[in-house]
Amino acid sequence: MKENKFDLYKIFNIFAIAVLVWFIFAFLILPNWEVLKSTFFPDGSFTIDGFSSIIQSDRAMTGLRNSFMIGLLLPITCSIVGILQVLFIEYFDVKGSKFLTVVYMIPLVFGGLLINNGYMFVYGPNGIATQLLSQINPNIDPNWFSGYAAVIVVMTFGCTINYMIFFRNAVRSIDYSTIEAARNLGASQWEILKDVVLPQLRPVINTCVILLFQQGVGAFSAPLIVGGQDYDAIMPLILTFANRPNSRMLAALLSLFLGVFQIIVLYVIQRTERNSNFASVSKTKVKQKKMKINNPATNVLAHITAYVFALAHLLPFVTVILFSFMDYQSIAEGTLSFSGFTLENYGRILSDSTAYRPFVTSVIYSFLSATVVAVITIYAARLIYKTKSKWGTVLEYLLHIPWLLPSVLFALGMILYYNQPKTVVFNQVLTGTTMIMLIGYIVVSIPNTLRFTKSAFYTVDDSLEEAATILGAKKMYTFFKVILPLILPTVLALFALNFNGKLDDFDLSAFLYHPLNPTLGIVIRNNLSSEYATDSIALNLVYSVILIIINALVVWLVYFGGMSKISSLFTGIKGKFRLKSKSQSGAVLINEQNS
27 MKENKFDLYK
37 IFNIFAIAVL
47 VWFIFAFLIL
57 PNWEVLKSTF
67 FPDGSFTIDG
77 FSSIIQSDRA
87 MTGLRNSFMI
97 GLLLPITCSI
107 VGILQVLFIE
117 YFDVKGSKFL
127 TVVYMIPLVF
137 GGLLINNGYM
147 FVYGPNGIAT
157 QLLSQINPNI
167 DPNWFSGYAA
177 VIVVMTFGCT
187 INYMIFFRNA
197 VRSIDYSTIE
207 AARNLGASQW
217 EILKDVVLPQ
227 LRPVINTCVI
237 LLFQQGVGAF
247 SAPLIVGGQD
257 YDAIMPLILT
267 FANRPNSRML
277 AALLSLFLGV
287 FQIIVLYVIQ
297 RTERNSNFAS
307 VSKTKVKQKK
317 MKINNPATNV
327 LAHITAYVFA
337 LAHLLPFVTV
347 ILFSFMDYQS
357 IAEGTLSFSG
367 FTLENYGRIL
377 SDSTAYRPFV
387 TSVIYSFLSA
397 TVVAVITIYA
407 ARLIYKTKSK
417 WGTVLEYLLH
427 IPWLLPSVLF
437 ALGMILYYNQ
447 PKTVVFNQVL
457 TGTTMIMLIG
467 YIVVSIPNTL
477 RFTKSAFYTV
487 DDSLEEAATI
497 LGAKKMYTFF
507 KVILPLILPT
517 VLALFALNFN
527 GKLDDFDLSA
537 FLYHPLNPTL
547 GIVIRNNLSS
557 EYATDSIALN
567 LVYSVILIII
577 NALVVWLVYF
587 GGMSKISSLF
597 TGIKGKFRLK
607 SKSQSGAVLI
617 NEQNS
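What follows is the structure, given as structure tokens:
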């Protein structure tokens, strides 16, 4: 009997590996190869004439320079803001830390296309801040908030969520006894922070810096929306060139430059992982205590800085919410008043099928893709972690293929390769179908999800699995009852990030969405391109608020114990129902005995 069960487990493993290999070959290798083949072998013979075109194109070289400059500066600015934010709410004794925690989490529900839309509504050419400034200085340039500086500001505050999730957890697990020991030896607060605290957090900081460089180089929404018409970056240029059949070679070559950066990032992360300890930093059960800043001037400066950061997060967020309840005239004039209050904007969204259908489409695609990605990465990360062989390394690199080419080029490859029946997908045509965008969402979400899922496996003590095996537990039972619960917080966090990230996706959706089922990102971007028509702005405001609600619900369920609270609620209701049933049964029994 035992051998039969083992055979079933082995058959399941073989089947799962076969499906994984098929998926990698069909959707990671072939579409990207199609793009490269059509670029470097357009007539069947190899050519690199496109490189000279890139070098001679001022626009392409400017885009490369701008993206590389974002990649260099963003890790600096975002790390400063992100680290300080976490220290303000977790390490230093700053008044109102609970309020600051909620505000600093805003990018988790108000990021991507939403935060760029919010900043444009506040600071754009027709933004309310620009209108107020024009009353003070009529000669002000309406496009004052644009270009490199504007992109860095938006991305700095939008990308701090990496620190609020991963760096914050690391700060919470610091060995507080080391801080107490340093304090007893006479070390100052600055020396403790510099020589004791931050060195323990260096692996997490390094990972965040690397990811920020990657996000900066591959920035899309911010340069496209906030950068202005004259600001070029790699990703918007790739989209522009890819939409022109005669310029697709330039798009492919620009993507290769971006791919080189991605390979370097992957190599650095691999080296960082090999030289880092993924075990918890904490070695003690001593509860951490917040440090009160002793220097009065520094204490005041810290409080001012903390609330300036909060204001930067709050202003576009609150403004979007408030103006979503204003009528068209109030939105156009940038004024808040009770007389302008209306629910007509929300009524239009909820009653017009063309308005609410993008929500349904985006939610379905986001949920399905996040679920499939979670299953694939859990199995792949487990396989890579357990094998620890060259085949596991090859599998890991294959699953990082989406890093080599940007999503827009991958989407182009999917369209070009699957525009006719292919044997690898059972003679089906995927181009123009609703399935192709789901596949695209899944593929581009795999690399980052795999990185953190694999890291989660390294935090699991192998002795737990060994103990379960010694006690006679089967492999499947051990995984689902011992291993999975330990990595589930990371898995759920990544699920939330993937789900929220795809709700307002634009760059991938622009290529793959079905014309009859546009996603929310497509609709919001089209509204931004409609010469700032007031009705389009109103729709975007309502879209943003509803997306914030959906994102906040997901965050509450995953990060703030919403699932456990709901489970406890149902358990309590079930217990009360059982108690009531027992009471009624007892009363019936007593009545029968009395009779």
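Just remember that this note's numbering sits 26 ahead of the position in the sequence shown, which is counted from 1. The beta-carbon is built from N, C-alpha and C at its ideal position, and this holds for glycine as well.
Counting every other CB atom within 10 Å of its CB across the protein chains shown gives ASN553 a total of 16 or more, marking it as buried.
Excluding sequence positions up to five before and after GLN157, its CB lies within less than 6 Å of the CB of GLY360, all in the same chain and listed in chain order. Contact annotation, PHE77 with LEU279: C-beta distance approximately 6 Å; criterion of less than 8 Å satisfied.
Between the stretch 222 to 241 and the stretch 91 to 103 there are three or more C-beta pairs closer than 8 Å, enough to call the two in contact. Between PHE53 and ILE465, the gap from beta carbon to beta carbon is short of 7 Å. Residue pairing for HIS540: DSSP places it in a beta bridge opposite ASN543. Where HIS339 is concerned, the enclosing alpha helix (DSSP H) starts and stops at 322 to 349.
With contacts defined by Cβ atoms closer than 7 Å, ILE260 and GLY70 do not form a contacting pair. GLU217 and SER365 have their C-alpha atoms roughly 56 Å apart. Rounded to the nearest angstrom, the gap between the Cα atoms of ARG551 and ALA328 is 38 Å. Sorting ARG374, VAL451, SER395, VAL469 by C-alpha distance to the C-alpha of LEU425 places VAL469 at the top. Two segments are said to touch when three or more pairs of C-beta atoms, one from each, lie closer than 8 Å; by this definition the stretch 121 to 133 does not touch the stretch 526 to 546. Distance from the CA of ILE236 to the CA of THR479, rounded to the nearest whole angstrom, comes to 17 Å. By the 16-neighbour rule on beta-carbons within 10 angstroms, ILE251 is buried.
Here TYR35 is exposed, its C-beta having fewer than 16 other C-beta atoms within 10 Å.
Residues PRO57, ASN58, GLU60, VAL61 of the same chain have their beta carbon placed closer than 7 Å to that of GLY439, with the five preceding and five following residues left out of the count. For LEU250, there is no enclosing alpha helix (DSSP H), since its DSSP letter is neither H nor E.
The beta carbons of ASN526 and ASN474 sit no closer together than 7 Å. GLU422 sits buried, since 16 or more C-beta atoms from the chains shown fall within 10 Å of its C-beta.
Sixteen is the threshold: when 16 or more other Cβ atoms of the shown chains lie within 10 Å of the Cβ of ILE200, as they do, the residue is buried. The beta carbon of THR516 is closer than 7 Å to those of PHE478, THR479, ALA482 in its chain, skipping five residues each way along the sequence.
Contact between ASN524 and VAL399 holds: CB atoms are separated by about 6 Å, below the 8 Å threshold. Counting along the chain, ASP84 sits inside the alpha helix (DSSP H) bounded by residues 84 to 112. In this structure, DSSP gives LYS121 a state outside helix and strand, which the three-state scheme calls coil.
By the Cβ criterion, the stretch 363 to 379 is in contact with the stretch 345 to 355, since at least three pairs of Cβ atoms, one from each stretch, lie closer than 8 Å. Taking every protein chain shown into account, the CB of GLY458 has fewer than 16 other CB atoms within 10 angstroms, so this residue is exposed.
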